[in-house]
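Residue numbers (the numbering used here): 77 to 157.
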Amino acid sequence: MTFRIGPEAEEAFSQLPPKVRRGAIAQFKLIRRFPRLGAVRRRGVCRGLRYIQVEAWLFYYRFSSTEIELLAVLPGRMEEA
Numbered sequence: 077m078t079f080r081i082g083p084e085a086e087e088a089f090s091q092l093p094p095k096v097r098r099g100a101i102a103q104f105k106l107i108r109r110f111p112r113l114g115a116v117r118r119r120g121v122c123r124g125l126r127y128i129q130v131e132a133w134l135f136y137y138r139f140s141s142t143e144i145e146l147l148a149v150l151p152g153r154m155e156e157a
């Protein structure tokens with residue numbers, strides 16, 4: 077299974093602190109083996125997407141049988157997500 081960063085998330089991911097990027101990459105290595113690891117957002121704009129949290133950041137992704145795609149990187153302390 078390949079990992080891809082979507083064009084919308086690429087800029088946000090590149091601006092994160094190195095420690096957060098390393099943590100996200102470690103989590104996505106686990107997600108390659110267990111794609112349903114992340115919780116599913118039930119409300120809001122990102123409803124239906126899976127996400128993981130690394131420090132104060134949420135990483136939204138979707139997966140298929142061949143690919144995991146990072147769709148968005150958002151601050152984890154939003155009022156409505």
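Backbone N, C-alpha and C define an ideal beta-carbon position, used for all residues, glycine too.
(message) So, under 8 Å CB-CB, residue 131 and residue 99 are touching, yes? Tell me the CB distance rounded to an integer number of Å.
(response) Taking the first residue of the sequence shown as position 1, residue 131 is located at position 55. Taking the first residue of the sequence shown as position 1, residue 99 is located at position 23. Residue 131 to residue 99, Cβ: 7 Å. Contact.
(message) Measuring only the C-alpha atoms, how far is residue 91 from residue 152?
(response) Locating residue 91 in the sequence shown gives position 15, where the first residue counts as 1. Locating residue 152 in the sequence shown gives position 76, where the first residue counts as 1. Roughly 16 Å separates the two Cα atoms.
(request) Go ahead and pull the three-state DSSP assignment for residue 157. (result) In the sequence shown, the residue the question calls residue 157 occupies position 81. Low per-residue confidence applies at residue 157: pLDDT is 49, beneath 50, and the placement is therefore not dependable, though the value from the model is reported in the following sentence. Residue state, collapsed to three classes: coil.
(request) Report the residue from 127, 139, 141, 103 whose alpha carbon sits nearest the alpha carbon of residue 150. (result) By 1-based counting over the sequence shown, the position of residue 150 is 74. Per the Cα distances, 127.
(request) Check the DSSP bridge columns for residue 130 and list the partner residues they point to. (result) Stepping through the sequence shown from its first residue, residue 130 is reached at position 54. Answer is 133, bridged to residue 130.
(request) On the DSSP bridge assignment, give the partners of residue 145 in chain order. (result) Here residue 145 corresponds to residue number 69 of the sequence shown, with the count starting at 1. Beta-bridge pairing links residue 145 to 80, 138.
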